[in-house]
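S.K.:
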Amino acid sequence: MPSISLDNSDSDIGLCGWLLVLLSMLLTLVTLPVSIWMCIKIVKEYERAIIFRLGRILKGGAKGPGLFFILPCTDSLINVDMRTITFDIPPQEVLTKDSVTVNVDGVVYYRVQNATLAVANITNADAATRLLAQTTLRNVLGTKNLAEILSDREEIAHSMQSTLDDATDDWGIKVERVEIKDVKLPIQLQRAMAAEAEASREARAKVIAAEGEMNASRALKEASLVIAESPSALQLRYLQTLNTIAAEKNSTIIFPVPMDMMQAFMKH
Numbered sequence: 001m002p003s004i005s006l007d008n009s010d011s012d013i014g015l016c017g018w019l020l021v022l023l024s025m026l027l028t029l030v031t032l033p034v035s036i037w038m039c040i041k042i043v044k045e046y047e048r049a050i051i052f053r054l055g056r057i058l059k060g061g062a063k064g065p066g067l068f069f070i071l072p073c074t075d076s077l078i079n080v081d082m083r084t085i086t087f088d089i090p091p092q093e094v095l096t097k098d099s100v101t102v103n104v105d106g107v108v109y110y111r112v113q114n115a116t117l118a119v120a121n122i123t124n125a126d127a128a129t130r131l132l133a134q135t136t137l138r139n140v141l142g143t144k145n146l147a148e149i150l151s152d153r154e155e156i157a158h159s160m161q162s163t164l165d166d167a168t169d170d171w172g173i174k175v176e177r178v179e180i181k182d183v184k185l186p187i188q189l190q191r192a193m194a195a196e197a198e199a200s201r202e203a204r205a206k207v208i209a210a211e212g213e214m215n216a217s218r219a220l221k222e223a224s225l226v227i228a229e230s231p232s233a234l235q236l237r238y239l240q241t242l243n244t245i246a247a248e249k250n251s252t253i254i255f256p257v258p259m260d261m262m263q264a265f266m267k268h
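So this is what it looks like as structure tokens:
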């Protein structure tokens, strides 16, 4: 695409052009003060004006902000908004690298960096940027697996922003930010992933329960060895259990039986 030079001057309009400009000035002077309202233009702080004189951009490129004069017959004016523009990328059906179909949408933030290029190098910079964002989203996600799309959104957004910024540089557009909003999976895939996650959680729960049982059995074994070395320790543990039960205000009555009596019965 040929680029537009910013150094175009009024001298390129030729002799016939200058005659038309002089006639336009003369007509403006003759019709004063009515014509003054057609000549005065005001450009807001967030806008820039591109003035075409006989089809050529005036020297200096974009004008504004502020007040300036144009010739009503030979000059035409286009206002360009320099503020940041936001638009949503419609949901795109994308086939990932691992052959999974997903619907992905996003949002793009961009602004016009060079008003002259945005007017002279492309018909509609806004529409072109929107279409390019859609195709870029599909192209970038087509090289990613489903797991990468779900976990590496920031990297994908940065890659899209860099690609869009390079492509729109000749249009005078600066892509400031790209975000992935939502990734929608098919219902069947959601159910399969949910079943897989549930099975994985159940397996981890069984492993944790088995490890707890193993640790508890080791602790009981060590406790039994300690009690075997000192028989009175079992009686102390028994009394401690009774104290704990009595503190809970229940109606159960427990009669402690000395362990010596039990040993006498066991001998017989």
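For the sequence shown, position 180 matches number 180 in full-length UniProt numbering, and the numbering has no gaps at all. Each residue gets a CB set at the ideal place from its N, CA and C atoms; glycine is no exception. Computed from a predicted model, the values in this text were never measured in an experiment.
#1: Leaving out five residues on either side along the sequence, give the residues of the same chain with a beta carbon under 8 Å from the beta carbon of residue 81.
#2: Taking C-alpha atoms, which residue in 241, 154, 110 lies nearest to residue 172?
#3: Quick check on this structure: which residue in 181, 184, 165, 182 has the alpha carbon closest to the alpha carbon of residue 175?
#4: So, for residue 39: in the same chain, excluding its five sequence neighbours on each side, which residues have a beta-carbon less than 8 Å away from its beta-carbon?
#5: In three-state DSSP terms, what is residue 178?
#6: How many whole angstroms separate the CB atoms of residue 180 and residue 156, which I take to be in contact at a CB cut-off of 8 Å?
#7: Thinking C-beta only, is residue 49 closer than 8 Å to residue 61?
#8: Using the rule of at least 16 other Cβ atoms within 10 Å of the residue's Cβ for burial, across every protein chain shown, is residue 188 buried or exposed?
#9: So, residue 184 versus residue 124, is the Cβ gap smaller than 8 Å?
#10: Go ahead and pull the three-state DSSP assignment for residue 105.
M.R.: Considering the structure as presented:
#1: Taking the sequence shown and counting its residues from 1, the one referred to as residue 81 is at position 81. Excluding sequence neighbours, residue 81 sits near 46, 47, 112.
#2: Counting from 1 along the sequence shown, the entry for residue 172 is found at position 172. The candidate whose alpha carbon is nearest that of residue 172 is 110.
#3: Numbered from its first residue, the sequence shown carries residue 175 at position 175. Comparing Cα positions, the closest option is 165.
#4: In the sequence shown, residue 39 corresponds to position 39, counting from 1. Here the set comprises 28, 69, 70, 71, 72.
#5: Walking along the sequence shown from the start, residue 178 turns up at place 178. Of the three classes helix, strand and coil, the one that applies to residue 178 here is strand, per DSSP.
#6: Along the sequence shown, one-based indexing puts residue 180 at 180. Along the sequence shown, one-based indexing puts residue 156 at 156. Sure, about 6 Å apart at Cβ, within 8 Å.
#7: Locating residue 61 in the sequence shown gives position 61, where the first residue counts as 1. Locating residue 49 in the sequence shown gives position 49, where the first residue counts as 1. Contact flag unset, no.
#8: On the sequence shown, residue 188 is found 188 positions in, with the first residue counted as 1. Residue 188 is exposed by the Cβ-count criterion.
#9: Here the question's residue 184 lines up with position 184 in the sequence shown. Here the question's residue 124 lines up with position 124 in the sequence shown. Not closer than 8 Å, so no.
#10: By 1-based counting over the sequence shown, the position of residue 105 is 105. In the structure shown, residue 105 sits in a strand (DSSP, three-state: E or B).
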